[in-house]
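Residue numbering for the sequence shown follows full-length UniProt numbering, beginning at 1 and increasing consecutively.
Just so you know, even glycine gets a beta-carbon here, dropped at the ideal spot from N, CA and C.
In this text, all values refer to a predicted model and were calculated from it rather than measured experimentally.
Below is one structure; the comments refer to it alone.
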Amino acid sequence: ALTWLIILMSVTVTTITGLSISAISTNGKVKSGGTYFLISRSLGPELGGSIGLIFAFANAVAVAMHTVGFAETVRDLLQEHNSVIVDPTNDIRIIGVVTVTVLLGISLAGMEWEAKAQILFFVVILVSFINYLVGTVIPATAEKQAKGFFSYRADIFAQNFVPSWRGPEGSFFGLFSIFFPSATGILAGANISGDLKDPAVAIPKGTLMAIFWTTMSYLVLSATIGACVVRDASGSLNDSVAVGSPGCEGLACGFGWNFTACAQRQSCRYGLSNYYQSMSMVSGFGPLITAGIFGATLSSALACLVSAPKVFQCLCRDQLYPLIGFFGKGYGRNSEPIRGYMLTYVIAIGFILIAELNAIAPIISNFFLCSYALINFSCFHASITNSPGWRPSFRYYSKWAALFGAAISVVIMFLLTWWAALIAFGIVIFLLGYVLYKKPDVNWGSSMQASSYNMALNYSVGLNEVDEHIKNYRQGRHAFAPFALPARRPQCLVLTGPPNFRPALVDFVGTFTKNLSLMLCGNVLIGPRKQKMPESRLTADGHSKWLTKRKIKAFYTDVVAEDLRSGVQMLIQAAGLGKMRPNILVLGYKKNWRTVSPQSLEDYVGILHDAFDFKYSVCLMRMKEGLNVSHVMQAHADPATLASEQQASTVFQSEQGKKTIDIYWLFDDGGLTLLIPYLLGRKKRWGKCKIRVFVGGQINRMDEERKAAVTAPLPFSPAPSTPEPTRAPFPGTVCLSCSIKRFDDLIAPFRLNDGFKDEATVNEMRQGCPWKISDEEVDKNRAKSLRQVRLNEILLDYSRDAALIAITLPIGRKGRCPSSLYMAWLETLSQDLRPPVILTRGNQENVLTFYCQ
1 ALTWLIILMS VTVTTITGLS ISAISTNGKV KSGGTYFLIS RSLGPELGGS IGLIFAFANA
61 VAVAMHTVGF AETVRDLLQE HNSVIVDPTN DIRIIGVVTV TVLLGISLAG MEWEAKAQIL
121 FFVVILVSFI NYLVGTVIPA TAEKQAKGFF SYRADIFAQN FVPSWRGPEG SFFGLFSIFF
181 PSATGILAGA NISGDLKDPA VAIPKGTLMA IFWTTMSYLV LSATIGACVV RDASGSLNDS
241 VAVGSPGCEG LACGFGWNFT ACAQRQSCRY GLSNYYQSMS MVSGFGPLIT AGIFGATLSS
301 ALACLVSAPK VFQCLCRDQL YPLIGFFGKG YGRNSEPIRG YMLTYVIAIG FILIAELNAI
361 APIISNFFLC SYALINFSCF HASITNSPGW RPSFRYYSKW AALFGAAISV VIMFLLTWWA
421 ALIAFGIVIF LLGYVLYKKP DVNWGSSMQA SSYNMALNYS VGLNEVDEHI KNYRQGRHAF
481 APFALPARRP QCLVLTGPPN FRPALVDFVG TFTKNLSLML CGNVLIGPRK QKMPESRLTA
541 DGHSKWLTKR KIKAFYTDVV AEDLRSGVQM LIQAAGLGKM RPNILVLGYK KNWRTVSPQS
601 LEDYVGILHD AFDFKYSVCL MRMKEGLNVS HVMQAHADPA TLASEQQAST VFQSEQGKKT
661 IDIYWLFDDG GLTLLIPYLL GRKKRWGKCK IRVFVGGQIN RMDEERKAAV TAPLPFSPAP
721 STPEPTRAPF PGTVCLSCSI KRFDDLIAPF RLNDGFKDEA TVNEMRQGCP WKISDEEVDK
781 NRAKSLRQVR LNEILLDYSR DAALIAITLP IGRKGRCPSS LYMAWLETLS QDLRPPVILT
841 RGNQENVLTF YCQ
């Protein structure tokens, strides 16, 4: 009964796996690579690569197992005829090495010879099976009765129906581990998928038919021999007694044989529990059974010898692991893996030298079970992702049956040999980790990719149910500032144009958004749609690859528009998905604002106003060297080369050392001016920098402002409050009158010089030139202009050697401050500064948890 249970357990695993294999193999074109190809193209290279390597190794070891089975049979025959080569163990080694060498020759001859050999082996097995069944109905001779064969008997069947374990190693799972490899041939057809005419039809039909007929064969064999042969027999004709003789114990007594003595001493040579050649003894012609054993073992060994190199060759060609590409080369019309054959041959010989079948079988049982678990999981995973790409033509599978098959395979692994199961999983995890680290550039449309999409979609939709609150995006706590850390994620829309044109801007934003929040690089293609749409399709992939190679976790998007401002408006309104929408517009400072067309200047300032209108915060970055490096690059290079072009080094990719990050918090705009430098300072390259905060205020409240800066629970070092702009210059700075004259010279080309005429006259003079500055506007904004002059002096005095300067962005009132005057403020504020300067302005939305205490 337990034999049937072992068979049915094995068949359950193999049948479910066969159904899963059938579904996977009919979901698309199947190429060479067998099991590895099916798993890797379903679950992806991570799991596919690890299980492919293990499965190829398991097949190589299986060659040794089947060859040792053949060698043991030959050795037993030699012993029966008192012929020994060296000794029992070395005889197995010698016979095994010679046999596997012959099989290697057949494999190297090509698939045609292998197919012919398999047909021959099948015929021998079939004749042997018929010969055995015929022998069971032939009346037993005295010699066979002495060896325990009494033809069909109900009481023999009843006795053998219950277990009787022998020896210290006798156990249910011990026998299961020995039997199970005999059921692993179900993947033989799949492993030669590249040599099949129509794999999608041949694999399901062949696999399932093979499982059915082998299952019936195993059940019939175990039932018939269990009903014919007693467990213990001496083999001696002298043990014949009269039925019912006193002192006779055991079932054989009723048939006129007394095997009591050897049974009690456990020295019986024959019987079902002791004689491995019982089938040969029962059969009509014994040598045919031996021929059948030869055919079965050699057929299985040859199938594994062919399967292992082909699976390994496909793995090598995908180049997922180093140092194995040598074995991927094929030879001849069918691209035969000659090098793989030689490697399999060497591995097989290594395990043949163990010369013990029962020691080899448990080793590969766990590897095969691990393969089956992943095959079933592949089918289950592909089913639950609801991917449109999962459309198998084979419909007779169940995702829940596949999940059960995966689970039961893992359970059986640990029940067989728990330490071997741990080793198998350890190897899988190690190989999986390597591929995850390497991130091979492959696109196989795996279910993992579909699952990633589903997860991203579900989480993005789920964010819509999250109410907006300052604490919803809490970043964690700091040992020195448990109550005032940045709490809102800065999700940035960065106007990079082509990202490789402004690497410093990309690096700056990528530094503080990495693994934290959304970064979206936006590009506006200006021109007619028909001309720019092809350019958009051609360059998008190249720009994304450039970001990946620079290790920037960001998205790239572009729009086609008639002008820059309308394109940016599109990006601001449409960028993002649900709650994953940008809330900060990041752009570079327009260094050439004095020489560009007036309309371009007007559009630039208009973009800033548009951002505030759409409730965006604004971050503007200026570097002394400038941001746009397109003049030193081939602006119209082939998009395919964008990812491989030389990476420009910027300050944001270098270690900053023990410098300072100086923050000039001039207005309370929600805390964005503090947030970005804080996040930047958490990164390794900026971790040694000391963060200083300068708080703006009135002269009569300077002491109060300074006290507030010191007592506020911020993870920054307090610094003096910046004085109001009417205070005298600091020692060592340029004189105030010289700075003011410099500002006046800056705006001179843009002045109307209207002589303080009335508003109607000024508007008429400025018709078509809204960037022109009237005398009244210069006078009304004199205080703000003077403030920018004084702030620049303060920046030069305090932050000349800082690693980074962050300052609150001044705002000009729309309609009251011409774009040229506003740009003059920004120019004056940030001129002559050696460190990078970021000017930020929040949208009055609090981004610090300090505000919600």
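Within its chain, find whatever has a CB closer than 6 angstroms to the CB of L829; leave out the 5 residues flanking it on each side and keep chain order.
Along the sequence shown, read from residue 1 onward, the residue named residue 829 stands at position 829. Correct list, in chain order: Q788, L791 and N792.
Straight-line gap, C316 to L804 (C-alpha atoms, nearest Å)
Position 316 of the sequence shown, counting from 1, holds the residue named residue 316. Position 804 of the sequence shown, counting from 1, holds the residue named residue 804. Cα-Cα distance, rounded: 49 angstroms.
Do you know how far the Cα of K31 is from the Cα of G332?
The sequence position of residue 332 within the sequence shown is 332, counting from 1. The sequence position of residue 31 within the sequence shown is 31, counting from 1. Between G332 and K31, the alpha-carbon positions lie close to 17 angstroms from each other.
Quick one: grab the DSSP three-state call for C268.
Here residue 268 refers to the residue found at position 268 of the sequence shown. Note: C268 maps to coil in three-state DSSP.
Ends of the alpha helix (DSSP H) at T67?
In the sequence shown, the residue the question calls residue 67 occupies position 67. Where T67 is concerned, the enclosing alpha helix (DSSP H) stretches over P45 to E80.
Alpha carbon to alpha carbon, what distance is there between H543 and D668?
Here residue 668 refers to the residue found at position 668 when the sequence shown is read from its first residue. Here residue 543 refers to the residue found at position 543 when the sequence shown is read from its first residue. Looking at the two C-alpha atoms, the distance is approximately 37 angstroms.
Assign E249 to one of three DSSP states: helix, strand, or coil.
If you number the sequence shown from 1, residue 249 lands on position 249. When DSSP states are grouped into helix, strand and coil, E249 belongs to the coil group.
What residues match up with K331 in a beta bridge as DSSP calls it?
Residue mapping note: residue 331 aligns to position 331 of the sequence shown, counting from 1. First, the amino acid is wrong: residue 331 is Tyr here, not Lys. Beta-bridge partners assigned by DSSP to Y331: E336.
Hey, M519 and K553: beta-carbon distance below 9 angstroms or not?
The residue labelled residue 519 in the question sits at position 519 within the sequence shown. The residue labelled residue 553 in the question sits at position 553 within the sequence shown. For the pair M519 and K553, the CB atoms are nearer than the 9 angstroms cut-off.
Buried or exposed (CB count within 10 angstroms, at least 16 for buried), T344
Counted from its first residue, the sequence shown places residue 344 at position 344. Burial call: buried.
Within 9 angstroms, strictly: CB atoms of A190 and G34:
Walking along the sequence shown from the start, residue 190 turns up at place 190. Walking along the sequence shown from the start, residue 34 turns up at place 34. With contacts defined as CB atoms closer than 9 angstroms, A190 and G34 qualify as a contacting pair.
Touch test, the stretch 560-574 against the stretch 610-623, Cβ-Cβ under 8 angstroms, three pairs minimum
As far as the Cβ criterion goes, the stretch 560-574 touches the stretch 610-623, which means the pair count is three or higher.
Which residue or residues does DSSP assign as beta-bridge partners of T660?
As a working note, residue 660 is residue 660 in the sequence shown. T660 is bridged to K690.
Backbone secondary structure at S240 - three-state DSSP
Position 240 of the sequence shown holds residue 240. If DSSP states are grouped into helix, strand and coil, S240 belongs with the strands.
Put D758 into one of helix, strand or coil per three-state DSSP.
Position 758 of the sequence shown, counted from the start, is the residue given in the question as residue 758. DSSP places D758 in coil when its eight states are reduced to three.
Contact check, W257 vs D232 under 8 angstroms by CB: the rounded distance?
Residue numbering aside, residue 257 sits at position 257 when the sequence shown is read from its first letter. Residue numbering aside, residue 232 sits at position 232 when the sequence shown is read from its first letter. Approximately 10 angstroms separates the beta-carbon atoms of W257 and D232; this is outside 8 angstroms, ruling out the contact.
Find the nearest neighbour of L412 within the set F172, G325 and K549, judged by alpha-carbon distance.
Locating residue 412 in the sequence shown gives position 412, counting from the first residue. The question names Leu, yet the displayed sequence has Ile at residue 412. Among F172, G325 and K549, the Cα nearest to that of I412 is on F172.
Using only CA atoms, which one of V837, T136, T141 and I39 lies nearest to A504?
The residue given as residue 504 occupies position 504 in the sequence shown. It is V837.
Residue environment, D603, which counts as buried when at least 16 other CB atoms sit within 10 Å
Residue numbering aside, residue 603 sits at position 603 when the sequence shown is read from its first letter. By the 10 Å Cβ count, D603 comes out buried.
For the alpha helix (DSSP H) that contains C817, what are its first and last residues?
Looking up residue 817 in the sequence shown gives position 817. For C817, there is no enclosing alpha helix (DSSP H), as DSSP marks it with neither H nor E.
For E645 and L103, I'd like the C-alpha separation in whole angstroms.
Locating residue 645 in the sequence shown gives position 645, counting from the first residue. Locating residue 103 in the sequence shown gives position 103, counting from the first residue. Because E645 carries a pLDDT of 41, less than 50, the predicted location of this residue cannot be relied on, and the following value inherits that uncertainty. Computed Cα separation, rounded: 52 angstroms.
For the ligand NAP, I want to know if D779 counts as a neighbour, meaning its beta carbon is within less than 8 angstroms of at least one of the ligand's heavy atoms.
Among the components of this structure there are no ligands whatsoever, and the ligand NAP is therefore not found.
Check whether the stretch 118-127 and the stretch 380-398 touch, using three or more Cβ-Cβ pairs below 8 angstroms as the test.
Counting Cβ pairs under 8 angstroms, fewer than three are found: no touch.
Looking at the structure shown, is R231 part of a helix, part of a strand, or coil, going by DSSP?
By 1-based counting over the sequence shown, the position of residue 231 is 231. R231 sits in coil when the DSSP states are folded into three classes, being neither helix nor strand.
Use the C-beta contact count for A115: other C-beta atoms within 10 angstroms, 16 or more gives buried, fewer gives exposed.
For this step, residue 115 is matched to residue 115 along the sequence shown. Exposure of A115 is indicated by the presence of fewer than 16 other C-beta atoms within 10 angstroms of its C-beta.
Proximity below 9 angstroms, CB of Q319 to CB of G330
Taking the sequence shown and counting its residues from 1, the one referred to as residue 319 is at position 319. Taking the sequence shown and counting its residues from 1, the one referred to as residue 330 is at position 330. No; because the gap between Cβ atoms is not below 9 angstroms, this pair is not in contact.
Strand pairing of T840, partner residues [DSSP]:
Position 840 of the sequence shown, counting from 1, holds the residue named residue 840. Paired residues: C619 and T808.
Only counting the same chain, and skipping five residues up and downstream in sequence, which positions put a Cβ closer than 6 angstroms to that of C521?
Translated into the one-based positions of the sequence shown, residue 521 becomes position 521. Excluding residues within five positions, the ones whose Cβ falls inside 6 angstroms are V494, T496, P499, A554 and Y556.
Measure the CB-CB distance between T215 and G69 and report whether it falls below 9 angstroms.
Within the sequence shown, the letter at position 215 stands for residue 215. Within the sequence shown, the letter at position 69 stands for residue 69. Not closer than 9 angstroms, so no.
Reduced DSSP category for N258 - H, G, I as helix; E, B as strand; rest coil:
For the purposes of this step, residue 258 is taken as the residue at position 258 of the sequence shown. Coil, per DSSP.
Reduced DSSP category for T557 - H, G, I as helix; E, B as strand; rest coil:
The residue given as residue 557 occupies position 557 in the sequence shown. Strand at T557.
My output table needs one value for A643: the three-state DSSP class, helix, strand or coil.
What you label residue 643 is simply residue 643 of the sequence shown in a count that begins at 1. The pLDDT assigned to A643 is 44, lower than 50, so where the model puts this residue is not dependable; a value taken from the coordinates is nonetheless given after this. Helix.
Between W593 and L585, how many whole angstroms is the CB-CB distance? I'm expecting something under 8 angstroms.
On the sequence shown, residue 593 is found 593 positions in, with the first residue counted as 1. On the sequence shown, residue 585 is found 585 positions in, with the first residue counted as 1. Not confirmed; about 18 angstroms, so no contact.
Within 9 angstroms, strictly: CB atoms of L839 and C619
Position 839 of the sequence shown holds residue 839. Position 619 of the sequence shown holds residue 619. Result yes, Cβ atoms of L839 and C619 sit closer than 9 angstroms.
According to DSSP, simplified to helix, strand and coil, what is G18?
Position 18 of the sequence shown, counted from the start, is the residue given in the question as residue 18. DSSP places G18 within a helical segment (H, G or I) once states are collapsed to three.
Straight-line gap, K690 to I663 (C-alpha atoms, nearest Å):
Position 690 of the sequence shown, counted from the start, is the residue given in the question as residue 690. Position 663 of the sequence shown, counted from the start, is the residue given in the question as residue 663. Approximately 11 angstroms between the Cα atoms of the pair.
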